[in-house]
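Just so you know, we're using this note's numbering here: the sequence shown kicks off at 188 and counts up by one. Since the structure comes first, as C-alpha cells, the remarks are kept for the end.
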Amino acid sequence: MSLITLSSSITFTITNHSRHTRTQSLTVRCTDDNQYNIQTSPAAGQVDRRHLLMGIGGLYGAAAAPASATPITAPDFSKCGVATNLNTSQPLKDNCCPPLSSEIIDYKLPTAGGLRLRPAAHLAGKEYWAKYAKAVELMKALPADDPRNFMQQANVHCAYCNLTYPQTPAAGDSDLKLQIHNCWHFFPWHRWYLYFYERILSKLIDDPSFALPFWNWDNPDGVVLPEAFVEKNSPLYNPRRNPEHLPPAMADLAYSSSKPTNPKKVIKNNLSVMHREMVRRVWRLQDFYGAKYVAGSSPDPGPGAVERGSHIALHVWVGENTTGGEDMGNFYSTARDSVFFSHHANVDRLWTVWRGLRGTKKKEFTDSDWLDAEFQFYDEHARLVRVRVADALENERMGYAYQEVDLPWLKNRLLARKKKSKAAAGAAYRAGEKVFPAKLDKVVRAVVKRPKKSREKEEEEEELLVIEGIEADTGRFVKFDVFVNDEEEAAGDLDKAEYAGCYSHVPHRNSGRIKTMIRLGLSELLEDLEAEEDDKILVSLVPRDGGEDITIGGVKIVYD
Ligand code: C2O
C-alpha cells in the first residue's frame, strides 16, 4: 500500500484489489474512505486522468469540462446503493449492485466477424430455441458472483433504473441518482444492455452467430407470447407471469389492468397504437427518443412515444396481476424473466425501423450531451467496459441485424369518429387555465387555445400538445389516455383519430413521486379531424390505472 498526492489538498491511497481481476491493478481511495473506481491501465501503470477528474469532480472536476458539455458519465459501481422494493419501501432482499472491477476498458466495437441475425421469435425453429435455452441454462449455471451470471445480468437493469447509482461520480452522495428510463437514453442504453447479453450467451455456447430472438408483438402474426417461454422445464420459463396472458392470449399494446382491451379489438387497437407511436408525426427527435437528460437533470424528464406506450403496456401485461407486477411488470425484477430480452429486442428493432422511415430527416441527436453519454457493462469476457451512446446508433455496425418482417401498422392511418367537432367552441367545457392543476380520479376535460390558428405549413414544424407537471405515484402502474375533440367516454376506442396517445409507467422506485411531461403530435390528428382551422381544441384526459394517484399541472400547445 502506498500513498500518492494528486494535489495539495487531496491524498489517495492505492491498494491492491483482487476481486475480478486477472491483472495487477490499482484502486484509488479518498482518505475519507470513499472508494472510487479510478483505475490504472495495468500495462502502463498510469492513472487514467480523465476518470480521476470525474471521480473527484465534486472538488474540481467540474472545471475540467466545458460548461456546455454535461453528458452523464459511466456510473461509479463502488457507489452503488441498495435498491428498494417499490411497494413496501423496504430495501430489496437482494442487492442489485454489480461486482466491482479494478479495471475499466473503453469499449471498441469489433470490426471483424459476420452479422448476427436476430430472428422473429414466432418464426424461429426448434433447433434455434434449443440453442437459446442451452445458452440461458449455462448462464444460470455460472457462479453467482460472475457478472455474466443470469441473475447478475438481471440486476444490471435493476441498478440502472432503481436509482442505485449517483448520477455522476461527481454527484457523490447527493440525492441525484441515475435513471436511464423516461429520457433520451432509453433506446441506446437498452441496446447496449442487450448487446452484451447476447454476446455472453453466444460465447457460452461457442456460437459466434447466435442472436437474440425478438418478440414481434407489433405484428398480428407474432402477437402471442412465444411458446418456448412457457414450457415448464425450460430455462426460459418463469413462473411470475399473469396466467391469463399465456398463449393463446394476444398481447394488448394498449393494456391497462383495470380495463383490458376487449379481445375482439386487440389487433385493431394494436395496429393503431403502433401507427401512432411510429408514424403519426413523431417528427421531433425528442418525441420518439424522450427528453434531454444530462448531469444535473432530475430523473424522468419525459419518455418517448414507444417507451411510454406499447413498451410499458407489455411489461405490465406479462407480469403478475398484482400491484408489484413481478417479474416483467416491475423494473427491479423485469430482467429476471427471459421474455424481457425478446421484448426489448423488438423495442430495439422498432428503433431501427423508425430510423429507416425517416428518409432524409435527422435520425438522431447531434448534441454531444447525448452522443458522449457513457454507460458501463460487463462484456462476454467478464471485463468491465465503458461504452458511448455514439457507438450504438447503427445496429449493423454493432454486428447484428433483424430478420425482415411485415409492418402492418405502417399504412394504418386513423379515421375520425367525428369530423369538424364543435365541442371546443361550445360553452360546455372550461378553459385549461381554470381546470389545472387537476387530479385524474375521473375524466378531466379542458379547452386549450392554439397559439396560432393554423400551423405553419412548413414540413418540419410540428404542433404539439404538451401535458406538463404530470405527477404520479412511482410505486404502482399508472396510465392515462389523451383524446382531442372527443366528448364520448372513449373507453376502448383507441383506433380512432381522436386518440392522441398515453402516459404510463411501470413501478420503478420507492420514494417520492415521478414528475414528468409528455408531448403528443397534433398536426396529423387535426388534419384527420378536419379541425385545422379551429382556434381551440377540447382535450380529454382519461385515467386507466391509478388515476387517483395522478395529478396534471397543465396542458398547452407548442410548435417545434
Ligand atoms: Cu428498462 Cu423495458 O425497461
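Glycine included, each C-beta is placed from N, C-alpha and C at the ideal position. It should be emphasised that the depicted structure is a prediction, and the values quoted were computed from it without experimental measurement.
Contact check, residue i vs residue j, beta carbons under 8 Å
i: Val653; j: Val726; result: no
i: Leu707; j: Leu651; result: yes
i: Leu580; j: Ile292; result: no
i: Phe528; j: Thr521; result: no
i: Tyr519; j: Asn349; result: yes
i: Trp371; j: Phe562; result: no
i: Asn403; j: Asn533; result: yes
i: Pro262; j: Asp559; result: no
i: Gly312; j: Ser396; result: no
i: Ala603; j: Glu685; result: yes
i: Thr761; j: Cys284; result: Absent from the structure is residue 761, since the part of the chain shown begins at 188 and ends at 747.
i: Ala492; j: Leu440; result: no
i: Asn449; j: Pro595; result: no
i: Lys626; j: Thr738; result: yes
i: Gly516; j: Val505; result: yes
i: Pro306; j: Gly586; result: no
i: Glu494; j: Gly477; result: yes
Burial state of residue i, where buried means 16 or more other Cβ atoms lie within 10 Å
i: Asp668; result: buried
i: Arg600; result: exposed
i: Ala341; result: buried
i: Lys364; result: buried
i: Leu544; result: exposed
i: Leu240; result: With a pLDDT of only 31 at Leu240, under the threshold of 50, the placement of this residue in the model should not be trusted; the figure read from the coordinates follows. Buried: at least 16 other Cβ atoms inside 10 Å.
i: Glu507; result: buried
i: Pro730; result: buried
i: Lys606; result: exposed
i: Tyr223; result: Its pLDDT being 26, under 50, Tyr223 is placed unreliably by the model, and the measurement read from it follows with that caveat. It counts as buried.
i: Arg637; result: buried
i: Lys723; result: buried
i: Asp393; result: exposed
i: Arg584; result: exposed
i: Ala618; result: exposed
i: Gly734; result: buried
i: Tyr690; result: buried
i: Leu681; result: buried
i: Lys451; result: exposed
i: Leu728; result: buried
i: Glu591; result: exposed
i: Val693; result: buried
i: Lys419; result: exposed
i: Phe337; result: buried
i: Asp556; result: buried
DSSP beta-bridge partners of residue i
i: Ile292; result: Val572
i: Ile724; result: Val635
i: Ser691; result: Lys666
i: Asp732; result: Lys666
i: Pro490; result: Gly477
i: Gly741; result: Glu655
i: Glu650; result: Tyr746
i: Tyr589; result: Arg305
i: Tyr565; result: Leu571
i: Phe401; result: Ala307
i: Ala625; result: Ile739
i: Ala618; result: Val634
i: Tyr686; result: Phe670
i: Pro430; result: The partner list for Pro430 (beta bridge, DSSP) is empty, contrary to what the question assumes.
i: Asn514; result: Here residue 514 turns out to be Asp, not Asn, going by the sequence shown. Per DSSP, none; premise fails for Asp514.
i: Val411; result: Met437
i: Lys364; result: Pro353
Supposed contact pair residue j and residue i - C-beta distance, whole angstroms, cut 8 Å
i: Asp736; j: Phe664; result: Contact doesn't hold; Cβ gap of about 10 Å is too wide.
i: Phe749; j: Gly489; result: Outside the displayed span of the chain (188 to 747) sits residue 749, for which this structure offers no information.
i: Ala438; j: Val410; result: 5 Å
i: Trp538; j: Phe401; result: Not confirmed; about 12 Å, so no contact.
i: Asp514; j: Asp524; result: 4 Å
i: Val742; j: Val635; result: 5 Å
i: Asp487; j: Asn369; result: 4 Å
i: His377; j: His531; result: 5 Å
i: Ser443; j: Lys629; result: The Cβ separation is near 15 Å, so there is no contact.
i: Glu720; j: Lys640; result: 7 Å
i: Leu399; j: Leu381; result: 6 Å
i: Thr661; j: Ile701; result: 5 Å
* Please determine if the segment 601-610 and the segment 328-338 are in contact, where contact requires at least 3 C-beta pairs separated by less than 8 Å. => Between the segment 601-610 and the segment 328-338, the count of Cβ pairs shorter than 8 Å is below three; the stretches do not touch.
* Counting pairs of Cβ atoms below 8 Å between the segment 457-474 and the segment 421-433, do you hit three or more? -> No: the two stretches stay apart, fewer than three of their Cβ pairs being nearer than 8 Å.
* Asked: Does the segment 557-570 come within contact of the segment 382-393, defined as at least 3 CB pairs closer than 8 Å?
  -> With the cut-off at 8 Å, the segment 557-570 and the segment 382-393 touch.
* Segment contact flag, the segment 470-479 with the segment 406-423, C-beta cutoff 8 Å, min 3 pairs -> Using a C-beta cut-off of 8 Å, the segment 470-479 makes no contact with the segment 406-423, since fewer than three inter-stretch Cβ pairs fall below that distance.
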